[in-house]
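Participant: For the sequence shown, this note's numbering gives the first residue as 1045, with consecutive numbering after it.
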Amino acid sequence: MTDPAHSRYSTGAMIFHWLIAIAVIVTWRIVEAAEHASKVDEAYWMGHHKALGITILLLTLGRLAWRLAHPVPPMSKAVAKWQRLLARGVHILFYVLLIGLPIGGWLATSFYGYGVDMWGLFAVPALPVGESKDIGGQIIGLHKTGGEIMIYLIGLHILGALKHTFWDKDGTLFKMLPFGTVKS
Ligand code: HEM
Ligand code: HEM
């Protein structure tokens, strides 16, 4: 079967996917910039990292609500079962990290006694957890590990999408784009 209407993600799912993908890559590059910056610049870059991270959390909640109401296209039966399982596993881990990383970052920041300034528009308050730099530091440790896992998974996800599209020529990439031919 070639390109039936339901072989593609809905327009809303595509918008969420690409907005979040760009935001995740930008927030990662920002935190790298913070790492190599002076003390003053570090605070500036971390402010952007945190505000963008909270934005990703809000977008992901919106995306999941959208997903409940809009069925997603099935994976092609032509793809080997282990590859379908791997792709599904990566997608689930993405959702876990897209929610867990910002909540972890927010929680850690709260343990340091701060909320998150959303670019001067409004402030996300610190969670009522009391102050403990020890616990905050431990959560940041987990957050950093989670962040690194996310980067590797993005690499795997992109390689998978490109392999299916240009090697197997099954049009996988076009499931997430409003043009091109999808084979199912
Ligand atoms: C999906 C959203 C997020 C992603 C993908 C993400 C990713 C990362 C990554 C990759 C690192 C650096 C790892 C390293 O240096 O080894 C990091 C560090 C950090 N993130 Fe996030 N983060 C997100 C959201 C947040 C949020 C919402 C906050 C706080 C409100 C936050 C606070 C921090 C802090 C405090 C650090 C440690 C910086 C340092 O001491 O070097 N992050 N994050
Ligand atoms: C950078 C961060 C990215 C994240 C966090 C991410 C996350 C996701 C998630 C969670 C899904 C599953 C959607 C669902 O069923 O609800 C998905 C699907 C998809 N993504 Fe990404 N993605 C990213 C980047 C990319 C990039 C750069 C590409 C293109 C090279 C891409 C191509 C695709 C394709 C083609 C699908 C549909 C796969 C299928 O259903 O067979 N993604 N992505």
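For glycine and all other residues, C-beta sits at the position ideal for the given N, C-alpha and C.
Do the CB positions of V1160 and K1094 come within less than 8 Å of each other?
Facilitator: In the sequence shown, the residue the question calls residue 1160 occupies position 116. In the sequence shown, the residue the question calls residue 1094 occupies position 50. A contact, by the Cβ cut-off of 8 Å.
Participant: Please report how far the alpha carbon of T1046 lies from the alpha carbon of L1197, in whole angstroms.
Facilitator: Looking up residue 1046 in the sequence shown gives position 2. Looking up residue 1197 in the sequence shown gives position 153. Low per-residue confidence applies at T1046: pLDDT is 44, beneath 50, and the placement is therefore not dependable, though the value from the model is reported in the following sentence. Roughly 29 Å separates the two Cα atoms.
Participant: Start and end of the alpha helix (DSSP H) containing F1060?
Facilitator: For the purposes of this step, residue 1060 is taken as residue 16 along the sequence shown, with counting starting at 1. Counting along the chain, the alpha helix (DSSP H) containing F1060 begins and ends at 1055–1079.
Participant: May I ask you to report which of helix, strand or coil DSSP gives D1161?
Facilitator: Within the sequence shown, residue 1161 is the residue found at index 117, counting from 1. In this structure, D1161 counts as strand in the three-state DSSP scheme.
Participant: So, with DSSP's three-state summary, where would you put K1227?
Facilitator: For the purposes of this step, residue 1227 is taken as residue 183 along the sequence shown, with counting starting at 1. Of the three classes helix, strand and coil, the one that applies to K1227 here is strand, per DSSP.
Participant: Any Cβ of chain B within less than 8 Å of the Cβ of Y1053?
Facilitator: In the structure shown, chain B cannot be found, because there is only a single protein chain.
Participant: Helix, strand or coil for A1095, going by three-state DSSP, please let me know.
Facilitator: In the sequence shown, counting from the first residue as 1, residue 1095 sits at position 51. Here A1095 sits in helix by DSSP.
Participant: Note down, in chain order, each residue of its chain lying with its Cβ closer than 7 Å to the Cβ of L1200, except the 5 sequence neighbours on either side.
Facilitator: Numbered from 1 along the sequence shown, position 156 holds the residue referred to as residue 1200. Contacts found: V1134.
Participant: Since V1168 sits in a beta bridge, which residues does DSSP pair it with?
Facilitator: Here residue 1168 is taken as the residue at index 124 of the sequence shown, counted from 1. V1160, per the DSSP bridge assignment.
Participant: Compute every distance between the C-beta of H1201 and the non-hydrogen atoms of ligand 2, then say whether any falls below 7 Å.
Facilitator: Stepping through the sequence shown from its first residue, residue 1201 is reached at position 157. Answer for H1201: yes, Cβ within range of ligand 2.
Participant: Could you give the DSSP three-state label for I1187: helix, strand or coil?
Facilitator: By one-based count along the sequence shown, residue 1187 stands at place 143. Note on residue identity: the sequence assigns His, not Ile, to residue 1187. Residue state, collapsed to three classes: helix.
Participant: Would L1103 and I1143 qualify as a contact pair, given that the criterion is a beta-carbon distance under 8 Å?
Facilitator: Taking the first residue of the sequence shown as position 1, residue 1103 is located at position 59. Taking the first residue of the sequence shown as position 1, residue 1143 is located at position 99. No, they are not a contact pair.
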